[in-house]
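There are 2 protein chains.
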Amino acid sequence: MGDSSRPSRATIADVAREAGVSRTTVSHALNGLGKVNSATRDKVKEVAARLNYRPSVRAQSLRSGRSQTLALLSSMPSAISAGPSQLGFFTELAMGCARTALLEGYVFVLAPPDGDANPVDRLDIDGAILLEPATDDPIAAALNERGIPFVAIDGPSSQRTVDLHHEETAELLVAHLVERGAQHPGLVVGSDRRRSQAAAREAYEAAAARIGFTPVIAEADESDGEDGGYRASTQLLEEHPEVDGLIVPIDAFATGAVRAGQEAGRTIGDDLLIATRYDGLRARTSTPPLTAVDLGLDEISSEAVERLVGILDGESEPEASSSSAPTLVVRESTSGPA
Amino acid sequence: MGDSSRPSRATIADVAREAGVSRTTVSHALNGLGKVNSATRDKVKEVAARLNYRPSVRAQSLRSGRSQTLALLSSMPSAISAGPSQLGFFTELAMGCARTALLEGYVFVLAPPDGDANPVDRLDIDGAILLEPATDDPIAAALNERGIPFVAIDGPSSQRTVDLHHEETAELLVAHLVERGAQHPGLVVGSDRRRSQAAAREAYEAAAARIGFTPVIAEADESDGEDGGYRASTQLLEEHPEVDGLIVPIDAFATGAVRAGQEAGRTIGDDLLIATRYDGLRARTSTPPLTAVDLGLDEISSEAVERLVGILDGESEPEASSSSAPTLVVRESTSGPA
DNA sequence: AGAGCTGACCAAATCGATTTGGCTTTCTCG
DNA sequence: CGAGAAAGCCAAATCGATTTGGTCAGCTCT
Chain A
203 MGDSSRPSRA TIADVAREAG VSRTTVSHAL NGLGKVNSAT RDKVKEVAAR
253 LNYRPSVRAQ SLRSGRSQTL ALLSSMPSAI SAGPSQLGFF TELAMGCART
303 ALLEGYVFVL APPDGDANPV DRLDIDGAIL LEPATDDPIA AALNERGIPF
353 VAIDGPSSQR TVDLHHEETA ELLVAHLVER GAQHPGLVVG SDRRRSQAAA
403 REAYEAAAAR IGFTPVIAEA DESDGEDGGY RASTQLLEEH PEVDGLIVPI
453 DAFATGAVRA GQEAGRTIGD DLLIATRYDG LRARTSTPPL TAVDLGLDEI
503 SSEAVERLVG ILDGESEPEA SSSSAPTLVV RESTSGPA
Chain B
203 MGDSSRPSRA TIADVAREAG VSRTTVSHAL NGLGKVNSAT RDKVKEVAAR
253 LNYRPSVRAQ SLRSGRSQTL ALLSSMPSAI SAGPSQLGFF TELAMGCART
303 ALLEGYVFVL APPDGDANPV DRLDIDGAIL LEPATDDPIA AALNERGIPF
353 VAIDGPSSQR TVDLHHEETA ELLVAHLVER GAQHPGLVVG SDRRRSQAAA
403 REAYEAAAAR IGFTPVIAEA DESDGEDGGY RASTQLLEEH PEVDGLIVPI
453 DAFATGAVRA GQEAGRTIGD DLLIATRYDG LRARTSTPPL TAVDLGLDEI
503 SSEAVERLVG ILDGESEPEA SSSSAPTLVV RESTSGPA
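Taken in order, these protein sequences are the chains called A and B. Each residue of the first sequence is one higher than the one before, counting from 203 in our numbering. Each residue of the second sequence is one higher than the one before, counting from 203 in our numbering.
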């Protein structure tokens, strides 16, 4: 089978030789640049087709300084390799970004989890989408240093960023619980200092002040996953038995909260309402299914990519980018059994 | 002159000049090749660090002929942009491949859906994972022509391929339905000619012959999605009212089958058992949740990537690659309400 | 002393494109 | 007629690395 024929592709030099012109002329002919006699142009194209010539992406990228490639980077450690929750959110964004990027003519790469080595140096990319960077994010710094433009998703306002609408989301959840009759909704958040946490807190506290209930907040370490949510919720419910609703933005915590509630003798959706943020696999397959928020990740990711592409193509930067507002997905955890 | 912003990175030539040696020596020093005096080596390293030098991936890839990049390609149209459940089969595999690839030191790209342009020519990849290629797959052909090695997932035996265990899966499903008391299990398959369909058919028919029931098979066009499954199932149940179980490998069809069964007055999980193949979002969030099969996609994808990397690194090819067998995930659709 | 090594280093070729700057013709117009 | 423009083409520079094929000095062995 395997005859040792030439696996190497025809190069522009081959085409030039075969067509009896210079490499310059081949390049011009194929790219529609410069002045080329139409007869020559046709001849070149014919030869190129015959030799099955395709320009080398490698060489083009070196010469032109552009790789037509974008990446999704995350400053969160091992976003890809992490559990099912991360997988959902990150993955959904990645696919959304990929789809839009491909439509815009870019290739999309999934980046290594940071770990020790900086992924930025290993990647040949024109731009990046950066997921939830911190203010002093190392990846953001690396990108800046290399002069690689990026658009953050849910980044600090000092960066070009597409918003995840944390405020609206949090307000939506509080309002929903209250509307469903919760008198004392509590909040379970992660203890790290990401924007999403802060936003949830603030919106919750603002709503508490406005509506007139006493805020009750529990914290857990995000790396503890479901167990962390379980412990925090258990303690919260013990110390504040009056709490009849829980807003648990992190979905892993939320399933933990469900367990905590059930073990405390509550009926989820009836005398304990629970709502979470990300409407992923976890929220949907929980028993009972969790009310969550449709964040419109598809729209968000495509907005981020389009903005990035706009920057790369040197278009004037749109001032206000407005993705549509998040919408509630009501499920049994706040509406009782069907 | 320390003028304003320098967006361009230090090149190997800058390091060479600054260190007072040749580019060759810099390259050798940094890569641990050739003969370099250790003092010189240290000096070079120091300068490189000071200038924050990083080799250009572009240039390396052109010169070395390797890009340290892999891709997941699919011959199925618009695999990425498909359906609402982005988090489907393709995605799960993609993430699995990506994780392993990254661990092996490769960058992983998500490829454009084929459509008109051949994605292969736009990609700078060392190798590829090809999902469910047909025997005369155009992408496989393109890869071969370019001399890019690939490992198929569920490809024809003429290619290097990692198996999805369709036979076992189909047998598992039939056996399960029979064990749950189905006397006349039917089969709903897609009408295209992919390996998975054929395997399901054969295993089903073999089981029918062995166990002794009359095979009843309905077909639907895969592009019709849930509706196609609904129509096919409705018709099947009308024509063969004795059917008390349905094996519906394609999950979109399966939810359609559920609807068909319910509208025919059946109780899913009781007098009509339904089981599907891919244990994704769809199976899990169906009402009732569908019994499905854990295909071990994680293992499969990492096996495929490891095999590909082995080939790329010129290791001897492992003869038998054996991923673990699929296992059943029993849910209400075959076990009745909890 | 001369052949033969080895250590340390470098100039130039190479990868495959794009782009710059010319060099001829031929045509146009004052 | 001659200046200038434009068409058509090409040689060489360029992108930033790796690799090939040296040179040169110093050392050993006979």
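We treat Cβ as the ideally placed atom computed from N, Cα and C, and that holds for glycine. Predicted model only: the values in this text are computed from it and were never measured.
Query, Result
"Pairwise C-alpha distance: G512(A) and F492(A)", "The sequence as given places Leu at residue 492(A); Phe does not occur at that position. Looking at the two C-alpha atoms, the distance is approximately 38 Å."
"Straight-line Cα distance separating R382(B) from L374(B)", "12 Å"
"C-beta contact flag for L448(A) and I419(A) at 7 Å", "no"
"S535(A) at chain B interface by Cβ criterion, 7 Å", "no"
"Residue nearest to D326(B) in terms of C-alpha spacing, selected from E441(A), Q361(A) and A261(A)", "A261(A)"
"T312(B), enclosing beta strand (DSSP E) - first and last residue", "First, the amino acid is wrong: residue 312(B) is Leu here, not Thr. It spans V309 to L312 - the beta strand (DSSP E) in which L312(B) sits, taken as one unbroken run."
"Residues near L379(A) in its chain [Cβ-Cβ closer than 7 Å; skip 5 each side]", "P387, G447, I449, L475, A477 and T536"
"Residue-chain proximity (T457(B), chain A), Cβ-Cβ < 7 Å", "no"
"CB contact flag (S504(A), L295(A), <7 Å)", "no"
"Chain A within 7 Å of A300(B), Cβ atoms only", "yes"
"Chain B contact residues for A261(A), given Cβ-Cβ distances below 7 Å", "L264"
"Nearest residue (CA-CA) to V495(A), options S526(A), L439(A), D515(A) and S360(A)", "S526(A)"
"Euclidean distance between Cα positions of Q399(B) and F455(A)", "40 Å"
"Per DSSP, cross-strand counterpart(s) of P387(B)", "G447(B)"
"Backbone CA spacing between G500(A) and E517(A) [nearest angstrom]", "In the sequence as presented, Gly is not what sits at residue 500(A); that position holds Asp. Their Cα atoms are separated by approximately 23 Å."
"Inter-residue spacing [alpha-carbon to alpha-carbon] between V555(A) and A303(B)", "In the structure as shown, chain A starts at 203 and stops at 540, and residue 555(A) therefore has no counterpart that could be examined."
"Opposing strand residues paired with F352(A) [DSSP bridges]", "A330(A)"
"Against chain B: residues of the segment 316-338 of chain A by CB proximity under 8 Å", "D323, R324, L325 and D326"
"Min CB distance L312(A) to chain B below 7 Å", "yes"
"Chain-ordered chain B contacts of R486(A) [CB-CB under 9 Å]", "L483, R486 and T487"
"Three-pair Cβ contact test at 8 Å for the segment 263-270 of chain A versus the segment 353-363 of chain B", "no"
"7 Å Cβ cutoff, R256(A) in contact with chain B", "yes"
"Distance CB(S488(B))-CB(V460(B)) smaller than 7 Å", "yes"
"DSSP beta-bridge partners of D496(B)", "T529(B)"
"Where R479(A) falls: helix, strand or coil (DSSP)", "strand"
"For A250(B) and R348(A), the rounded distance between their alpha carbons", "15 Å"
"DSSP beta-bridge partners of T271(A)", "V309(A)"
"Residue of G431(B), Q385(B), E370(B) and T416(B) minimising C-alpha distance to A405(B)", "E370(B)"
"Helix, strand or coil at G471(A) according to DSSP, with G and I counted as helix", "coil"
"Proximal chain A residues relative to S269(B), where beta-carbon distance stays under 9 Å", "V259, R260 and D326"
"V309(A): contacting residues in chain B (beta-carbon distance under 7 Å)", "V311, R324 and L325"
"Straight-line Cα distance separating S229(B) from A221(B)", "12 Å"
"Start-to-end residues for the alpha helix (DSSP H) that takes in I214(A)", "I214 to A221"
"Whole-angstrom C-beta distance between I452(A) and G392(A), which should lie under 8 Å", "6 Å"
"Minimum Cβ-Cβ distance from A215(A) to chain B less than 7 Å", "no"
"Short Cβ contact (7 Å threshold) for G538(B) with G467(B)", "no"
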